[in-house]
Amino acid sequence: MSDGTGLIKRFYSEVLAGGNYDLIDELVAEGLVDHESLPGQPPGRDGARFFVDMMRAAFPDLSVKSSEPALAEGNLEAARTVVTGTHQGELMGVAATGRTVEIESIDIIRTEDGKVAEHWGITDSMSIMKQLGALPE
Numbered sequence: 002m003s004d005g006t007g008l009i010k011r012f013y014s015e016v017l018a019g020g021n022y023d024l025i026d027e028l029v030a031e032g033l034v035d036h037e038s039l040p041g042q043p044p045g046r047d048g049a050r051f052f053v054d055m056m057r058a059a060f061p062d063l064s065v066k067s068s069e070p071a072l073a074e075g076n077l078e079a080a081r082t083v084v085t086g087t088h089q090g091e092l093m094g095v096a097a098t099g100r101t102v103e104i105e106s107i108d109i110i111r112t113e114d115g116k117v118a119e120h121w122g123i124t125d126s127m128s129i130m131k132q133l134g135a136l137p138e
């Protein structure tokens with residue numbers, strides 16, 4: 002197992018769902034390279050904060066449903082994560098709907114010195130938009 006074992010799970014459960022912004026400095030390298038960045042997302046650690054701010058504003062009751070399976074090898078970690086939340090704030094141009102959504106993603110990270118240095122991810126954005134009613138089923 003790598004020094005990154007569990008970093009994805011900790012980020013989702015403690016930072017994203019739990020709102021512990023102080024952990025961003027502990028878990029994320031200052032020079033983070035995010036290959037799944039959102040429009041307007043700044044680089045580095047500030048980009049991680051941007052992502053957390055956006056998600057917590059849109060889904061203040063966000064919770065982690067699953068973070069399995071998770072794999073680690075050397076300085077790489079991967080996990081499939083499912084989070085749920087009620088859409089109570091704007092998300093990517095879609096006004097709050099009050100609908101509960103389930104968001105599935107797969108994340109791969111590379112660590113340096115025990116922190117996330119690089120991130121690749123796939124999030125099922127189409128499913129999110131369908132659940133919000135922004136796209137037809």
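Numbered by my numbering, the letters in the sequence shown go through residues 2 to 138 in order. Just so you know, even glycine gets a beta-carbon here, dropped at the ideal spot from N, CA and C.
{"Asked": "Burial state of Ser68, where buried means 16 or more other Cβ atoms lie within 10 Å", "Found": "buried"}
{"Asked": "Inter-residue spacing [alpha-carbon to alpha-carbon] between Tyr13 and Val34", "Found": "18 angstroms"}
{"Asked": "Per-residue DSSP class, three states only, for Glu138", "Found": "coil"}
{"Asked": "Closest residue to Asp26 among Lys10, Pro40, Gly45 (Cα-Cα distance)", "Found": "Gly45"}
{"Asked": "Cα-Cα separation, Glu105 to Val83", "Found": "4 angstroms"}
{"Asked": "Integer-rounded CB distance, given that Leu8 should sit under 8 angstroms from Val53", "Found": "Val53 to Leu8, Cβ: 15 angstroms. No contact."}
{"Asked": "Same chain, Cβ closer than 7 angstroms to Val29, neighbours up to 5 away in sequence not counted", "Found": "Arg46, Ala49, Lys116, Val117"}
{"Asked": "Strand pairing of His88, partner residues [DSSP]", "Found": "None, per the DSSP bridge assignment."}
{"Asked": "Limits of the unbroken beta strand (DSSP E) element including Ser128", "Found": "From DSSP, Ser128 is part of no beta strand (DSSP E) but of the alpha helix (DSSP H) over 126-132."}
{"Asked": "Entirely enclosed alpha helix (DSSP H) segments - the region 10-93, minimum 4 residues", "Found": "23-28, 45-59"}
{"Asked": "Option nearest Gly32 by Cα separation, candidates Asp125, Met130, Asp114", "Found": "Asp114"}
{"Asked": "Ala59 classed as buried or exposed, judged by whether at least 16 other C-beta atoms fall within 10 angstroms", "Found": "buried"}
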